[in-house]
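Just below is one structure, and these are the notes that go with it.
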Amino acid sequence: MNDHPDPLSSMTSVSAAPTWRWPALALASWAACWITYAGVSHAFGPGWPAAVVALGLGLMLAGLHAQPWRRAMVAAGFPLALLVSGAALPGWAWLIPLAVLLVAYPRRGWSDAPLFPTPHDALKGLPAVIALREQAHVLDAGCGLGDGLVALRRAYPAVRLHGIEYSPFLWLLARLRCPWATVSRGDLWAQSWREMDLVYLFQRPESMPRALDKALAEMHTGRWLVSLDFPLPGQTAHAQLETGTRHRLHVYRIEDLRPAPPLPPA
Ligand SMILES: C[S@@+](CC[C@H](N)C(=O)[O-])C[C@H]1O[C@@H](n2cnc3c(N)ncnc32)[C@H](O)[C@@H]1O
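Numbering-wise, numbering that gives the first Met the number 0 puts 250 at position 251 of the sequence shown, and it's gapless, one number per residue.
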């Protein structure tokens, strides 16, 4: 994984102020921009100087984030809101896209893996490594809009596909997109993996120790865990596959997994 550049490898941690959780940092940054804008406007009169100072602050705060998508969100929040509030729309109109985002991504989802879809052909090499019987149970844990399910179906047209998704909005869309799969709404960590022949994950690096513990606790010998882009910590993969996309697959046989060594004392 370390030698493999990918778009999500930077979804690790906020480089500054690690005790703050996303999206609190984004909200605080946007608020700081507005307070600065109001302060400079009050002192020197409203106009572009106040906007430039506040914009500069927003860019500085955005630079504190390691992840490009978080940098973009922090940097874009203030200018977008300013643009909208300066137009013919009412000032609160900028809350509409925020509300849509919150519905699509409930607060908890923001601190978990954001929505990045699996390319539909990314899993087509899997059957050469994992032969699954017909009607085997395959789970996309955190199925988003259903793209991972589509990719799994292309690889294994005869298996029974399951998905679970935390966001109600994404869950609904995945259900509509994938009527051939059983898509439930809920927390992937609360759902049992005991009946699954293969669990597919496209989550975050931070999620992988938890995925290892869950697989060890719940999955049986002869079953499989497959992760797009993010390896299980301290484990030797049964196979690592290039996908023909910018992503790489890490394939694990459950009987090969070992508990992660304890972390050294801080
Ligand atoms: C990177 S996307 C991958 C989507 C899909 N698996 C795919 O490959 O196309 C991760 C998804 O996992 C969902 N997710 C993150 N944490 C979750 C949790 N604890 N329970 C259920 N879904 C979760 C997110 O809402 C997001 O839709």
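Think of the CB as a built atom: it goes at the ideal place given N, C-alpha and C, for glycine as much as any other residue.
Source: prediction; values computed, not measured.
**Q.** Length of the line joining the Cα atoms of M72 and Q134
**A.** 42 Å
Q) What residue does the alpha helix (DSSP H) around R152 start on, and which one ends it? A) D146 to A154
Q. For Q202, which of T181, V83 and S226 has the nearest alpha-carbon?
A. S226
(Q) For the structure I just gave you, are there three or more beta carbon pairs, one from the stretch 212-221 and one from the stretch 252-265, closer than 8 Å? (A) yes
Q. Any heavy atom of ligand 1 within a distance shorter than 7 Å of the CB on Y165?
A. yes
Q.
At a cut-off of 7 Å, would you count H177 as near ligand 1, judging by its Cβ distance to the nearest heavy atom?
A. The displayed chain sequence assigns Cys, not His, to residue 177. No; taking the cut-off as 7 Å, the Cβ of C177 has no heavy atom of ligand 1 nearer than that.
Q) Between which two residues does the alpha helix (DSSP H) containing D186 stretch? A) No alpha helix (DSSP H) contains D186, which DSSP labels as neither H nor E.
Q: Please confirm if A23 has its CB atom under 8 Å from at least one CB of chain B.
A: Given the protein chain composition of this structure (a single chain), no chain B is represented.
Q) Are the stretch 168-177 and the stretch 191-207 in contact at 8 Å, needing three or more beta carbon pairs? A) no
**Q.** Which of helix, strand or coil DSSP assigns to I129
**A.** coil
Q.
DSSP three-state label for R245, please.
A. coil
**Q.** Alpha carbon of S40 to alpha carbon of G46, nearest angstrom
**A.** 7 Å
Q: Would you mind working out which of L211, Q239, G243 and L240 sits nearest G233, comparing C-alpha positions?
A: L211
Q: Write down every uninterrupted run of the alpha helix (DSSP H) in the stretch 189-226 whose length is 4 residues or greater and which is fully enclosed by it, in chain order.
A: 207-217
Q: With DSSP collapsed to three states, give me the class of D120.
A: coil
Q: With a 10 Å radius around its C-beta and 16 neighbouring C-beta atoms as the bar for buried, classify W179 as buried or exposed.
A: exposed
Q. Nearest to T117 by CA position, among P126, L131, V128 and R152, is which residue?
A. R152
Q | For R20, three-class secondary structure by DSSP | A | coil
Q. Which residues in the same chain as A86 place their Cβ atom closer than 6 Å to its Cβ, once the five residues preceding and following it in sequence are excluded?
A. Here A86 scores only 49 on pLDDT, less than 50, and its place in the model should not be relied on; the value that follows carries that caveat. None.
(Q) Does the distance between the C-beta of P156 and the nearest non-hydrogen atom of ligand 1 fall short of 7 Å? (A) no
**Q.** Segment limits, beta strand (DSSP E) that includes A140
**A.** H136 to A140
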